[in-house]
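There are 2 protein chains.
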Amino acid sequence: MLYAGFMSAALPPLSRPQEPVDPPELLQLGAEPDVDEPCLRADAARNRARLLEAAARLVAEHGAAGLTMEAVAAAASVGKGTVFRRFGDRTGLLTALLDHSERKFQAALLAGPAPLGPGAPPVERLRAFGCAMLRRCVEEMELQLAAEPSPDRRYTIPPRRFLRGHVALLLRQALPDADGELLAHTLMAYLDPALIHHLTAQCGMPLERLEAGWQDLVSRVTRTDPPG
Amino acid sequence: MLYAGFMSAALPPLSRPQEPVDPPELLQLGAEPDVDEPCLRADAARNRARLLEAAARLVAEHGAAGLTMEAVAAAASVGKGTVFRRFGDRTGLLTALLDHSERKFQAALLAGPAPLGPGAPPVERLRAFGCAMLRRCVEEMELQLAAEPSPDRRYTIPPRRFLRGHVALLLRQALPDADGELLAHTLMAYLDPALIHHLTAQCGMPLERLEAGWQDLVSRVTRTDPPG
DNA sequence: AAACGATCCGGACCGAGGTCCGCTTATCGT
DNA sequence: ACGATAAGCGGACCTCGGTCCGGATCGTTT
Numbered sequence: 018m019l020y021a022g023f024m025s026a027a028l029p030p031l032s033r034p035q036e037p038v039d040p041p042e043l044l045q046l047g048a049e050p051d052v053d054e055p056c057l058r059a060d061a062a063r064n065r066a067r068l069l070e071a072a073a074r075l076v077a078e079h080g081a082a083g084l085t086m087e088a089v090a091a092a093a094s095v096g097k098g099t100v101f102r103r104f105g106d107r108t109g110l111l112t113a114l115l116d117h118s119e120r121k122f123q124a125a126l127l128a129g130p131a132p133l134g135p136g137a138p139p140v141e142r143l144r145a146f147g148c149a150m151l152r153r154c155v156e157e158m159e160l161q162l163a164a165e166p167s168p169d170r171r172y173t174i175p176p177r178r179f180l181r182g183h184v185a186l187l188l189r190q191a192l193p194d195a196d197g198e199l200l201a202h203t204l205m206a207y208l209d210p211a212l213i214h215h216l217t218a219q220c221g222m223p224l225e226r227l228e229a230g231w232q233d234l235v236s237r238v239t240r241t242d243p244p245g
Numbered sequence: 018m019l020y021a022g023f024m025s026a027a028l029p030p031l032s033r034p035q036e037p038v039d040p041p042e043l044l045q046l047g048a049e050p051d052v053d054e055p056c057l058r059a060d061a062a063r064n065r066a067r068l069l070e071a072a073a074r075l076v077a078e079h080g081a082a083g084l085t086m087e088a089v090a091a092a093a094s095v096g097k098g099t100v101f102r103r104f105g106d107r108t109g110l111l112t113a114l115l116d117h118s119e120r121k122f123q124a125a126l127l128a129g130p131a132p133l134g135p136g137a138p139p140v141e142r143l144r145a146f147g148c149a150m151l152r153r154c155v156e157e158m159e160l161q162l163a164a165e166p167s168p169d170r171r172y173t174i175p176p177r178r179f180l181r182g183h184v185a186l187l188l189r190q191a192l193p194d195a196d197g198e199l200l201a202h203t204l205m206a207y208l209d210p211a212l213i214h215h216l217t218a219q220c221g222m223p224l225e226r227l228e229a230g231w232q233d234l235v236s237r238v239t240r241t242d243p244p245g
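Respectively, the protein sequence lines represent chains R and L.
Taking our numbering, the leading residue of the first sequence gets 18, the next gets one more, and so forth.
Taking our numbering, the leading residue of the second sequence gets 18, the next gets one more, and so forth.
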C-alpha cells in the first residue's frame, strides 16, 4: 500500500526470449504493481492521482523539505485523512513520488542493455550499477533525502531491498565464497543518498571523485587473489 | 548504569610520554569539553545535571523511543524551554546521554592500549576498531538509534567526524595512495547503528557474523597486491 | 550592600504529522 | 433499478517537537 505505483503503469514485459536474464528471485521484491491495492475504487484512484499531482507541483514550488501533508490535501481538494490512508505517512507519499523513476531503474537492471542489464560479467555490472545509482541519486537528491525512512524501516522497504538484492546477486556470482549479503550492504551504503549529498553538496566533492571511489571500492571488494 | 557520569568529567591526560601517540590533528574533533558552554551559570549547570539525570531515568523506564521532551522537563521540574536551550533539540539531548561512553571510547582510541590505541600496525588497529564499535553499538543500541541525527547533520556531528577521521588516518597509514576519506566513509557505514540493528535485531544475524564480515571487509579494502 | 546587565527560566503558543469515527459513495448481486 | 455492504472520505482532534518573550536570577561591579 505504501509504494504502489504512480498510475500502476505496467512494466514492459521483463524478459525477452533471445536475451540473457537474471534469475527470477528478485522480481517479487520490486515495487509491487498493485499487490496491496489490487484494485482501487474509482474515486480512490482518482484522488490518489490528484494527490500525487498536487504533491509534485508543491515539491516543484516549495521544495520537498517544505512539503506538508495538509498542503497536499488542500491542493488536491481532499481531506487530510485521505492522504494518510492512501500513503501511510509522509515518507510513503514522497516514496510514491519517486516510484516512476524507481520502476524505470529496476527495469533497466532486470532487462535493460548491458552492462547495467544482464549479459555483462557481474563485476562490470556492479561498476555500471554504482555509476547509474550515483547519477540517479544526484538527479533526485531532494526527494531522496526527504523520503528517507526512519531507521527501523530503512533496510526493509521494497525498493532498497530490491537494489540490495541485485547487488548481492552480482556479488555471489563474482565471489561465490564471500558473504554476499554483508558486502551488498557495504556497497549500498556507499550509494546512500544522505552520504552522496554530504559529500557533493556539503563537502564539495566532484561527482567524478565519487565515481572513481566506487570503481576503486568494487575493485577492492571483488579482488579474488589471496591477501598480500 | 550506563549513563552515570554526567558533568564533563575531564578526560585523563591523553598522552603518555613513553607511549606512541597519534598525530594531534584529531584531538579538536572530539567531543568538546565545554567549547559551546565555556562556563555555565550555577543554576544552569544544576538544571543541566537534573535534566540528564531525569532523561536517563525516563529512558530506563520507558525506552529511548518513548522519551518526550516535555516529560523530561517535568521530571526535572524545569520548564520545557530550558531543555531546548540547553540541548538544542531532541537529538542533542540523546547525544548528551551518550557523551560519557563516547569520551571513554575516544580516549581508548587515542591513548588506550594497543591494538585499539596507538602502537599496533594500522590494519590491526582497524580490525580492533570495528569489533569495539560493534560491541559498543550493540550495548547502547536503543540510545544510538534514537539519537540518530537528521540526514543533513548525520556526517557533520563531532563524534562521527572524529571516528571517521580516526579510520581515515589509519587507512592513510596503510594505503597511502588510496582515497582514505571515501574508504573511511565506506568502513564507517558498515558500523552504522541502524544497519547493525537491522542485521542483528531484524534479521537475526549473530554478532560473530558481523565481526567476521568486518574482518573480511578490512582485508579486502586494505589488500595491497594488484587486482586479479 | 545595592544596583545593574547578562544570562537564564518557564510555560503559553504554534505548526505539522498522525489518528479516529460518523458520514458518504461506489460497487455488486438480485 | 435498487438496496445492501464494504470501501472511502473528511476534518476535528491529539501529541509532540520547537519557538518566543516577559519576568526572575545570578554574578559582578562599585
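Glycine included, every Cβ here is placed at the ideal spot set by N, Cα and C.
Residue 159/L and residue 80/L do touch by the CB rule: their CB atoms are close to 6 Å apart, below 8 Å. For residue 215/R, the neighbours in chain L by C-beta distance under 9 Å run, in chain order, 168, 169, 171, 172, 173, 202. A straight-line Cα-Cα distance of about 27 Å links residue 194/R and residue 184/L.
Listed along chain R, no residue sits closer than 7 Å to residue 111/L by beta-carbon distance, the nearest being about 13 Å off. 38/R is the residue among 106/R, 219/R, 223/R, 38/R whose C-alpha sits nearest the C-alpha of residue 128/R. For residue 76/R, no Cβ of chain L is located within less than 8 Å of the residue's own Cβ. Excluding the 5 residues flanking it on each side, residue 89/R has same chain C-beta neighbours closer than 8 Å at 68, 71, 72, 75, 100, 110, in chain order. Residue environment: residue 96/R is assigned as exposed (fewer than 16 neighbouring CB atoms within 10 Å of its CB, all protein chains considered). Annotation: residue 200/L to residue 166/L spans about 22 Å, alpha carbon to alpha carbon. Between residue 142/L and residue 130/L, the CB-CB gap reaches or exceeds 8 Å. Note on residue 60/L: under 16 other CB atoms within 10 angstroms of its CB, so exposed under the neighbour-count rule. Cβ contact annotation for residue 135/R (same chain, cutoff 6 Å, sequence separation greater than five): 37, 38, 39, in chain order. Between residue 240/L and residue 237/R, the gap from beta carbon to beta carbon is short of 8 Å.
When the Cα atoms are used, residue 148/R and residue 229/L turn out to be separated by approximately 28 Å. Membership of residue 183/L in the alpha helix (DSSP H) is indicated by the continuous run 175 to 191.
The criterion of a C-beta distance shorter than 8 Å is satisfied by residue 191/R and residue 140/R.
Rounded to the nearest angstrom, the gap between the Cα atoms of residue 84/R and residue 170/R is 21 Å. Look at the stretch 217 to 229 of chain R: the residues with a C-beta under 8 Å from a C-beta of chain L are 219, 226, 227, 229. Spanning the alpha carbons of residue 145/R and residue 208/L requires a straight line of approximately 26 Å. Residue 224/R and residue 105/L have their C-alpha atoms spaced approximately 33 Å apart. By the rule that beta-carbons nearer than 8 Å mark a contact, residue 238/L touches chain R.
With respect to residue 210/R, residue 180/R sits apart: the two C-beta atoms are not nearer than 8 Å.
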